[in-house]
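Under this note's numbering, the first residue of the sequence shown carries the number 99, and numbering increases by one thereafter. Working notes, beginning with the structure itself.
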Amino acid sequence: MAVDTVDPVAGTRDPVVVTPHGAVRGRYENGIAVFRGVPYAAPPFGARRFRPPEPPEPWDGVRDAGAFGPTPPKPPYSEAFARLLSDPVVPGDDCLNLNVWTPAPDPAARLPVMVWIHGGALTRGSSAVPVYDGHAFARDGVVLVSVNYRLGVEGYGLFPDAPANPGLRDQLAALEWVRESVARFGGDPGRVTVFGESAGAISIGALLASPRARGLFHRAVMQSGPPEASDRDKVRRMVRRMATRLKVPATAEAFAAVDRDLLLRTQAEVGRLSSPVLGGPAFGIVVDGDLVPRDPLEALVEGAAADVGLLLGWTRDEYRLWLVPGGLLERVDRLGPVALAGAMARCHCGHEVPRGYRALRPEGGTADLVGQMITDHLLRVPMHRLADARGGGPTASPATDAPVGGRAPAHVYEFAWPSNVPGLGACHALELGFVFDTAGAPESAKLAGEGAPQELADAMHGAWVRFATDGDPGWAAWDASHPVRVFGDGDPHTEHGPHDRELALWEAESARAAARPATGPTRRHTGGSPVGVVVAPTLAVAGPSGAGAEADPAADSADSPSGAVGGASALDAPVRITAPLAAVRRFRRPGGAGRR
């Protein structure tokens, strides 16, 4: 129940809401009731370290909820990325908390609810990032909830003596809290939309496919992150490398005894080369037979969560956030064929794919070609597959928006406004200030530059509010004509199949791979690309991720690349070469941000 919810104009009392675990006192800010740092689970330390979340201990009296709660342990961004991305740290153990912005903390309000799951490569970020301020959503009649969850090795380390995916289990616990508590804040638990960006969107893909999350939300927004599961061996390598540096066994019990700051520093050292462009070992959600029983993309394509409406999309130049900071874009251009061969290894494709991209983009440099190839392979291809499963597949009618076989529709967008920061273009994460209508905040300006257009924020934020309210963001649902709503310079407009020519290159590659006789060890891309298992006969790659693999002399020898990356001139006739390991190292840079 809610008490003391005084009209902010007529009175000055703070809003108080009684949750199942105790009463919390928020603040009225510009007519919006805001509750910060509300626990949804107990502190995940001590005996609870690396374990599934447990309910918080009930408290007596009224708990103050005027300030953001502690943020989960995380390493800082490198200097190059910290200039663009804000990531505040709030010390303390009680880090499994959430925040609520509501225009009416009254059970009778029954307003639509949106639950925000932040990105940050599952290693960084929190609900306290100022870009994620929920005032605009509450102003427009939505109860906004944002959550913290465990990150890095605490949330996604894979150990023989602990359950997998504790960070994802935290998100599930937060959604269960929403189901039980949000009505007391004015929300309707029967109208919950979960939305997230990058790692947050990937998390939503796993939750969509999880039987344990059924009924906890009714619509989903996936921004720049496809449904996927990481290779378990890839995650184990992160843990093993940390254990080697720490000189402890690779077990949860041993890691729990390590000083927390030392654990973070070691995680940062081991993960310095992980990024979507470069590959390499990284923390990620894994199939665990329990919360994530199978590959999320395959489950969703086959009909899991078919009744949940989807809004999904990407930014036009995702890769520029990964390549521009620190000058990696110029380095990739200088490396030319070596960088392109590394991209082929990263995407497990033959020469026909980069040739096709070059024909479509003859004016682009190597870095742009590499970036677009990897963005399409890792992100647009699987998201197209997911949209096709909802409408636009073989049985869909191009003349209607009717879903296939009774499945809820999908709506697809592209964010195409170029940042005013030189070189970033319409990069990864740039749309966030527009979705939250915080584009004028200093923290948004770090990425967008000064003078971000308010009319674009009005359009994009309004679309998200409409989707949460009634399931229709304002443009045609996905069908065989592939309508994509483009948010860029000028008024938003719909384009049909803006990336179909590039994606056709991957379909052709998949067909070639299916017809090609096996010539050696195969590798599986777990991100869900239809390319599936691909071995290019002219591409010799040693090591788990080609040019993106960690070249650490101290690492397990089985994880280190030999430097044979193939492709002297990747756009000419296939030629096998062996590139110097130093050249492959120059293709990488430490401190990458990875997926946000």
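We put the beta carbon where it would ideally sit given N, CA and C, even for glycine.
Per the C-alpha coordinates, the member of E367, H316, R317, G323 positioned closest to V337 is E367. If you look at A180, you'll find it in the alpha helix (DSSP H) that goes 177 to 180. When secondary structure is reduced to three states using DSSP, F166 falls in the coil class, being assigned neither helix nor strand. Membership of T291 in any alpha helix (DSSP H) is not indicated; the residue belongs instead to the beta strand (DSSP E) covering 285 to 295. For the 8 Å CB-CB criterion, L395 and R483 form a contact. DSSP, reduced to helix, strand and coil, places R599 within a helical segment of the structure shown. Considered as a whole, the segment 468 to 548 harbours 479 to 488, 530 to 533, 540 to 546 as its complete alpha helix (DSSP H) runs of no fewer than 4 residues, in chain order. Within the DSSP secondary-structure output, T117 pairs in a beta bridge with G120.
If you draw a straight line from the Cα of S225 to the Cα of P615, it is about 49 Å long.
Straight-line spacing of the CA atoms in L528 and A546 works out to 6 Å.
Remark: three or more beta-carbon pairs, one from each stretch, lie closer than 8 Å, so the segment 273 to 293 and the segment 232 to 246 are flagged as touching.
One Cα belongs to Q365, the other to R222, and the distance between them is close to 12 Å. Look at P151 here: in three-state DSSP terms it is coil, with no helix or strand label. D259 sits exposed, since fewer than 16 C-beta atoms from the chains shown fall within 10 Å of its C-beta. Distances from the alpha-carbon of P142 to those of E127, D162, R161, V251 put V251 closest. Annotation for L209: the continuous beta strand (DSSP E) segment containing it runs 209 to 215. Taking the C-beta atoms as reference points, G469 is found nearer than 8 Å to Y417. Within a 10 Å sphere around the beta-carbon of A613 sit fewer than 16 other beta-carbons, which makes this residue exposed.
Here R134 has A163, A165, F166, N197 as same chain residues with Cβ atoms under 6 Å from its own Cβ, once five neighbours each way along the sequence are excluded. Boundaries for W420: no beta strand (DSSP E) harbours it, while the alpha helix (DSSP H) harbouring it runs 418 to 421, taken from the DSSP string. According to DSSP, H449 shares a beta bridge with no other residue. By the CB criterion at 8 Å, R414 and A524 fall inside the cutoff. For the pair I383 and L266, the CB atoms are nearer than the 8 Å cut-off. Taking a C-beta distance under 8 Å as the contact criterion, L256 and R334 qualify as a contact pair. Cβ-Cβ distances below 6 Å link A341 to A348 in the same chain, with the five nearest sequence neighbours on each side left out; the list follows chain order. Annotated as distal: A404 and R310, with beta-carbon spacing of 8 Å or more. Excluding residues up to 5 positions away in sequence, V533 lie with their Cβ nearer than 6 Å to the Cβ of W562 in the same chain. Contact between A457 and D431 is absent: CB atoms are separated by about 19 Å, not below the 8 Å threshold. A145 counts as exposed, since fewer than 16 other beta carbons sit within 10 angstroms of its beta carbon. Looking from the CA of S517, the closest CA among E351, P540, K544, V436 belongs to K544.
Shown here for R478: same chain residues with a beta carbon closer than 8 Å to its own, the five before and five after excluded, namely W412, H597, E600, L601 in chain order. Shown here for P156: same chain residues with a beta carbon closer than 6 Å to its own, the five before and five after excluded, namely H119, G120 in chain order. At a Cβ-Cβ threshold of 8 Å, A402 and A307 count as neighbours. From the listed residues P137, A206, R208, H233, the smallest Cα separation to C193 is found for P137. For V582, the pairing in a beta bridge is given by DSSP as E593. Going by C-alpha positions, V582 is about 10 Å away from P590.
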